[in-house]
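Trainee: Pasting a structure here, questions to come.
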Amino acid sequence: MVYEFDWSSIPGALPILWDGMAVSLEITLIAIVVGIVWGTLLAMMRLSSIKPLSLFAAGYVNLFRAIPLVMVLLWFFLIVPRFIADLFGLPPNTDLRLASAMIGFALFESAYYSEIIRAGIQSVPKGQMAACQALGMTYGQAMRLVILPQAFRNMVPLLLTQAIILFQDTSLVYVSALADFFGAAYKVGDRDGRLVELLLFAGLVYFVLCFAASMLVKHLQKKYQPA
Amino acid sequence: MNYQWNWSIFMQPTVVGDTTYLGWMFAGLQMTLMLSLSAWVIALLLGAVVGVLRTVPNKLLSGLATAYVELFRNIPLLVQLFIWYFVMPELVPQSLGDAYKQSHPVLQQFLAAMVCLALFTSARVAEQVRSGINSLPRGQKNAGLALGFTLPQVYRHVLLPMAFRLIMPPLTSEFLNIFKNSAVCSTIGLLELAAQGRQLVDYTAQPYESFIAVTVAYVAINVVVMTLMKKLEDKVRVPGYMGGK
Numbered sequence: 000m001v002y003e004f005d006w007s008s009i010p011g012a013l014p015i016l017w018d019g020m021a022v023s024l025e026i027t028l029i030a031i032v033v034g035i036v037w038g039t040l041l042a043m044m045r046l047s048s049i050k051p052l053s054l055f056a057a058g059y060v061n062l063f064r065a066i067p068l069v070m071v072l073l074w075f076f077l078i079v080p081r082f083i084a085d086l087f088g089l090p091p092n093t094d095l096r097l098a099s100a101m102i103g104f105a106l107f108e109s110a111y112y113s114e115i116i117r118a119g120i121q122s123v124p125k126g127q128m129a130a131c132q133a134l135g136m137t138y139g140q141a142m143r144l145v146i147l148p149q150a151f152r153n154m155v156p157l158l159l160t161q162a163i164i165l166f167q168d169t170s171l172v173y174v175s176a177l178a179d180f181f182g183a184a185y186k187v188g189d190r191d192g193r194l195v196e197l198l199l200f201a202g203l204v205y206f207v208l209c210f211a212a213s214m215l216v217k218h219l220q221k222k223y224q225p226a
Numbered sequence: 000m001n002y003q004w005n006w007s008i009f010m011q012p013t014v015v016g017d018t019t020y021l022g023w024m025f026a027g028l029q030m031t032l033m034l035s036l037s038a039w040v041i042a043l044l045l046g047a048v049v050g051v052l053r054t055v056p057n058k059l060l061s062g063l064a065t066a067y068v069e070l071f072r073n074i075p076l077l078v079q080l081f082i083w084y085f086v087m088p089e090l091v092p093q094s095l096g097d098a099y100k101q102s103h104p105v106l107q108q109f110l111a112a113m114v115c116l117a118l119f120t121s122a123r124v125a126e127q128v129r130s131g132i133n134s135l136p137r138g139q140k141n142a143g144l145a146l147g148f149t150l151p152q153v154y155r156h157v158l159l160p161m162a163f164r165l166i167m168p169p170l171t172s173e174f175l176n177i178f179k180n181s182a183v184c185s186t187i188g189l190l191e192l193a194a195q196g197r198q199l200v201d202y203t204a205q206p207y208e209s210f211i212a213v214t215v216a217y218v219a220i221n222v223v224v225m226t227l228m229k230k231l232e233d234k235v236r237v238p239g240y241m242g243g244k
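The structure is reproduced here in structure tokens:
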């Protein structure tokens, strides 16, 4: 006997699924912004000649890259809110868990962004920094006006590819009960006894979005490749 | 803060009384290692085949291999896992599906997790194998053919031995990833390391100790694998290439 598909619960569930997708995209966007800002700072710390700063950045990046994302999310979902509530004596019913999971996700992805950005900064020839200093620029000015703009231009394809991976990673907030797209699809499937259809549908949606995005990145890469 | 640290909790017998809490952790560690290593072996073999197919002149074969890679790369691991665990048993022929559903629950979880991790990782390995083969000078393949090798022989004796030596560093990072990705399998109830961590929190009421111990275990896996792979990388490094001696 072949499994009989019944897709009828999907049309009615589209609003719920759409809300879930909005949450997924929101988490993706927040994590990209935090990841690039905090990742840039981490990369600059790591390359700095001030020992404590570079040690801190190296420790941060290596720690987050050694731990599974699931563990990081569980830490920030189960442990950190308790710790903060204890520390500040908050009433026990304060629910920090969702915000905390979101912060954990962004902190995790920052470690990966910082490695991409570090490689980008290092790809700018050393002479440029020397030239800036010869022109009397401060370190901050040189970074902001000369080094980083070039570094980011070199990094665009990698940053975008990482954004696609990050979008896929958002499905893991499932462990923290945040209702993202995957969580919504699972809930609907479970409710209607149509898990097979809803999971396949979720897979298809992720595939179409990520495949289209990766094609776009490839196209941009070809278009803007230095001749 | 008035938290009572109690590291000796790991030496206490569990509420079920089967072993100590440390025993639970080691059971989880063992599951993580078994799952990751078995999936890695499959991923390496499958990835090598798919990676080779992506570079062959036959359009049909290389197209199929490309489709394979894109399929597994563009769907989140968690979604793939749920599809293997909840959907596949319904779609395969019923006798097979029934046999699966009647087997031991842990075996069901393990099989779904292993197949999922293996195929997911094989697509990534295939990309590395392909880039390794493509990075070799074209003359190597032509020289092989000129010497009278057939195309499969060229791959076996000329291209693959070189390609694998060149792609050791990215393969190391994929190897590290498979251990981290295995934590995703806690979501279908497989009692690997991360799931044991959650269970320890629930049963011991010592959340900090439990999570610190599990996190340290993951870092330890990472360090051990990295150290061993570094030794292997040094051994097989090709002199004269980037990073070579």
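Chains as they are written, first to last, in numbering that gives the first Met the number 0: chain A, 0 to 226; chain B, 0 to 244.
All C-beta atoms, glycine included, are put in the ideal place defined by N, C-alpha and C.
Note that this is a predicted model, so its numbers are computed, not measured.
Name, going along the chain, the residues of the stretch 175–204 of chain A whose beta-carbon falls closer than 8 angstroms to a beta-carbon of chain B.
Mentor: F181, Y185, L194, V195, L198, L199, A201, G202
Trainee: Relative to the C-alpha of D179 of chain A, which residue among A:V22, A:Q127, A:L54, A:V1 is closest?
Mentor: The residue given as residue 179 of chain A occupies position 180 in the first sequence. Checked all of A:V22, A:Q127, A:L54, A:V1; the closest Cα to D179 of chain A is A:V22.
Trainee: Quick one: measure Cβ to Cβ for A12 of chain A and V195 of chain A, integer angstroms, because I've assumed they're closer than 8 angstroms.
Mentor: Taking the first residue of the first sequence as position 1, residue 12 of chain A is located at position 13. Taking the first residue of the first sequence as position 1, residue 195 of chain A is located at position 196. About 14 angstroms separates the two Cβ atoms, so there is no contact after all.
Trainee: Might you give, ordered along the chain, the residues of its own chain that have their beta carbon closer than 6 angstroms to the beta carbon of V49 of chain B, omitting 5 neighbours on each side?
Mentor: Here residue 49 of chain B is taken as the residue at index 50 of the second sequence, counted from 1. So the list reads A64, Y67, A125, once near-sequence residues are dropped.
Trainee: Looking at chain A, is there any beta carbon in it that lies within less than 8 angstroms of the beta carbon of V218 of chain B?
Mentor: Reading the second sequence from its first residue, position 219 is the one you call residue 218 of chain B. Between V218 of chain B and chain A, the shortest Cβ-Cβ separation is below 8 angstroms.
Trainee: With burial defined as no fewer than 16 other Cβ atoms inside 10 Å of the residue's Cβ, what is the status of Y2 of chain B: buried or exposed?
Mentor: The residue given as residue 2 of chain B occupies position 3 in the second sequence. By the neighbour-count rule (16 or more Cβ atoms within 10 Å), Y2 of chain B is not buried but exposed.
Trainee: Using a Cβ-Cβ cut-off of 8 angstroms (strictly less than) and excluding sequence neighbours within five positions of A103 of chain A, which residues of its own chain qualify?
Mentor: Start at 1 with the first residue of the first sequence, and residue 103 of chain A comes out as number 104. The displayed chain sequence assigns Gly, not Ala, to residue 103 of chain A. Answer for G103 of chain A: V71, L72, W74, F75, F76, V79, listed in chain order.
Trainee: Consider the Cβ of V69 of chain A: report whether some Cβ of chain B lies at a distance smaller than 8 angstroms.
Mentor: Locating residue 69 of chain A in the first sequence gives position 70, where the first residue counts as 1. Answer yes: the Cβ-Cβ gap between V69 of chain A and chain B drops below 8 angstroms somewhere.
Trainee: Could you check where the alpha helix (DSSP H) with Y223 of chain A kicks off and where it finishes?
Mentor: Counting from one through the first sequence, the residue named residue 223 of chain A turns up at place 224. From DSSP, the alpha helix (DSSP H) with Y223 of chain A extends over 194–223.
Trainee: With respect to the alpha helix (DSSP H) encompassing G147 of chain B, which residues constitute its N-terminal and C-terminal limits?
Mentor: On the second sequence, position 148 is the one that residue 147 of chain B refers to. From DSSP, G147 of chain B is part of no alpha helix (DSSP H); its letter is neither H nor E.
Trainee: Relative to the alpha-carbon of T169 of chain A, which residue among B:M33, B:P75, B:A38 has its alpha-carbon at the smallest distance?
Mentor: In the first sequence, the residue the question calls residue 169 of chain A occupies position 170. Of the listed residues, the one whose Cα sits closest to T169 of chain A is B:P75.
Trainee: Would you identify the three-state DSSP class for T169 of chain A, choosing helix, strand or coil?
Mentor: Numbered from its first residue, the first sequence carries residue 169 of chain A at position 170. Correct three-state label for T169 of chain A: helix.
Trainee: CB-CB under 6 angstroms to A56 of chain A, same chain, minus the five flanking residues each way: which ones, in chain order?
Mentor: Stepping through the first sequence from its first residue, residue 56 of chain A is reached at position 57. Correct list, in chain order: L41, M44, R45.
Trainee: Going along the chain, which residues of its own chain have a beta-carbon closer than 8 angstroms to the beta-carbon of A226 of chain A, five neighbours each way excluded?
Mentor: Stepping through the first sequence from its first residue, residue 226 of chain A is reached at position 227. Interpretation of A226 of chain A is limited by its pLDDT of 48, a score under 50 that renders its predicted location unreliable; the figure taken from the coordinates is listed afterwards. The answer is none, since no qualifying residue turns up.
Trainee: Do M113 of chain B and L175 of chain B have their beta-carbon atoms positioned less than 8 angstroms apart in this structure?
Mentor: Stepping through the second sequence from its first residue, residue 175 of chain B is reached at position 176. Stepping through the second sequence from its first residue, residue 113 of chain B is reached at position 114. Contact flag unset, no.
Trainee: Can you give me the Cβ contacts of D233 of chain B inside the same chain, cut-off strictly under 8 angstroms, excluding the 5 residues immediately before and after it?
Mentor: On the second sequence, position 234 is the one that residue 233 of chain B refers to. For D233 of chain B, where only same-chain residues beyond five positions count, there are no Cβ hits under 8 angstroms.
Trainee: So is A145 of chain B in contact with chain A if we call contact Cβ pairs under 8 angstroms?
Mentor: Looking up residue 145 of chain B in the second sequence gives position 146. A145 of chain B does not count as touching chain A.
Trainee: Look up P12 of chain B in the DSSP assignment and give the residues it is bridged to.
Mentor: Taking the first residue of the second sequence as 1, we reach residue 12 of chain B at position 13. Per DSSP, B:T19.
Trainee: Using Cβ-Cβ distances below 8 angstroms, what residues of the stretch 194–214 of chain B are close to chain A?
Mentor: G196, R197, V200, P206, Y207, F210, V213, T214
Trainee: Please classify W6 of chain A: does DSSP put it in a helix, a strand, or coil?
Mentor: Position 7 of the first sequence holds residue 6 of chain A. Three-state DSSP puts W6 of chain A in coil, outside helix and strand.
Trainee: May I ask you to report which of helix, strand or coil DSSP gives N57 of chain B?
Mentor: Counting from one through the second sequence, the residue named residue 57 of chain B turns up at place 58. Note: N57 of chain B maps to coil in three-state DSSP.
Trainee: Mind checking E25 of chain A: buried by the 16 CB within 10 Å criterion, or exposed?
Mentor: By one-based count along the first sequence, residue 25 of chain A stands at place 26. Label assigned to E25 of chain A: exposed.
Trainee: Just reading off the alpha helix (DSSP H) that R96 of chain A is part of, what are its end residues?
Mentor: The residue given as residue 96 of chain A occupies position 97 in the first sequence. Looking at the DSSP string, the run of the alpha helix (DSSP H) that includes R96 of chain A is 96–121.
Trainee: Check whether the Cβ atoms of Q220 of chain A and P124 of chain A sit closer than 8 angstroms, and answer yes or no.
Mentor: Indexing the first sequence from 1 puts residue 220 of chain A at position 221. Indexing the first sequence from 1 puts residue 124 of chain A at position 125. No. Outside cutoff.
Trainee: If you draw a straight line from the alpha carbon of Q139 of chain B to that of Q127 of chain B, how long is it in whole angstroms?
Mentor: Position 140 of the second sequence, counted from the start, is the residue given in the question as residue 139 of chain B. Position 128 of the second sequence, counted from the start, is the residue given in the question as residue 127 of chain B. Rounded to whole angstroms, Q139 of chain B to Q127 of chain B spans 19 angstroms at the Cα level.
Trainee: Should L68 of chain A and L177 of chain A be called a contact, given that it needs their Cβ atoms to be closer than 8 angstroms?
Mentor: The count along the first sequence starts at 1 and reaches residue 68 of chain A at position 69. The count along the first sequence starts at 1 and reaches residue 177 of chain A at position 178. No. Outside cutoff.
Trainee: Quick one: is K50 of chain A buried, meaning 16 or more other Cβ sit within 10 Å of its Cβ, or exposed?
Mentor: Residue mapping note: residue 50 of chain A aligns to position 51 of the first sequence, counting from 1. Here K50 of chain A is exposed. Its C-beta has fewer than 16 other C-beta atoms within 10 Å.
Trainee: Identify, in the order they occur along the chain, each residue of the same chain with its Cβ nearer than 6 angstroms to the Cβ of F166 of chain A, setting aside the five sequence neighbours on each side.
Mentor: Along the first sequence, one-based indexing puts residue 166 of chain A at 167. Excluding residues within five positions, the ones whose Cβ falls inside 6 angstroms are T27.
Trainee: Determine which residues of the stretch 129–155 of chain B have a Cβ less than 9 angstroms from any Cβ of chain D, and write them out in chain order.
Mentor: The structure shown contains no chain D; the protein chains it does contain are A and B.
Trainee: Using a Cβ-Cβ cut-off of 8 angstroms, state whether Y223 of chain A counts as contacting chain B.
Mentor: Taking the first residue of the first sequence as 1, we reach residue 223 of chain A at position 224. Answer no: the Cβ-Cβ gap between Y223 of chain A and chain B never drops below 8 angstroms.
Trainee: Determine the direct distance from the alpha carbon of L34 of chain B to that of D17 of chain B, and round the result to whole angstroms.
Mentor: If you number the second sequence from 1, residue 17 of chain B lands on position 18. If you number the second sequence from 1, residue 34 of chain B lands on position 35. When rounded, the distance between both Cα atoms is 23 angstroms.
Trainee: Based on Cα-Cα distance, which residue from A:R193, A:Q224, A:Q161, A:G182 lies nearest to G212 of chain A?
Mentor: Stepping through the first sequence from its first residue, residue 212 of chain A is reached at position 213. What sits at residue 212 of chain A in the sequence shown is Ala, not Gly. The candidate whose alpha carbon is nearest that of A212 of chain A is A:Q161.
Trainee: Just checking: is the beta-carbon of V114 of chain B within a distance shorter than 8 angstroms of some beta-carbon in chain A?
Mentor: On the second sequence, position 115 is the one that residue 114 of chain B refers to. Output row for V114 of chain B: interface = no.
Trainee: Can you list, in chain order, the residues of its chain with a C-beta nearer than 8 angstroms to that of F148 of chain B? Leave out the 5 residues immediately preceding and following it.
Mentor: Sequence index remark: in the second sequence, residue 148 of chain B carries index 149 (1-based). Result list for F148 of chain B: H156, V157, in chain order.
Trainee: What is the rounded straight-line gap between the Cα of Q198 of chain B and the Cα of P12 of chain B?
Mentor: Translated into positions along the second sequence, residue 198 of chain B becomes position 199. Translated into positions along the second sequence, residue 12 of chain B becomes position 13. Using only the alpha carbons, I get a separation of about 14 angstroms.
Trainee: Could you tell me which chain A residues have their CB closer than 8 angstroms to the CB of V78 of chain B, listed as they occur along the chain?
Mentor: For the purposes of this step, residue 78 of chain B is taken as the residue at position 79 of the second sequence. Those within 8 angstroms of V78 of chain B in chain A are S170, F181, L198, A201, G202, Y205.
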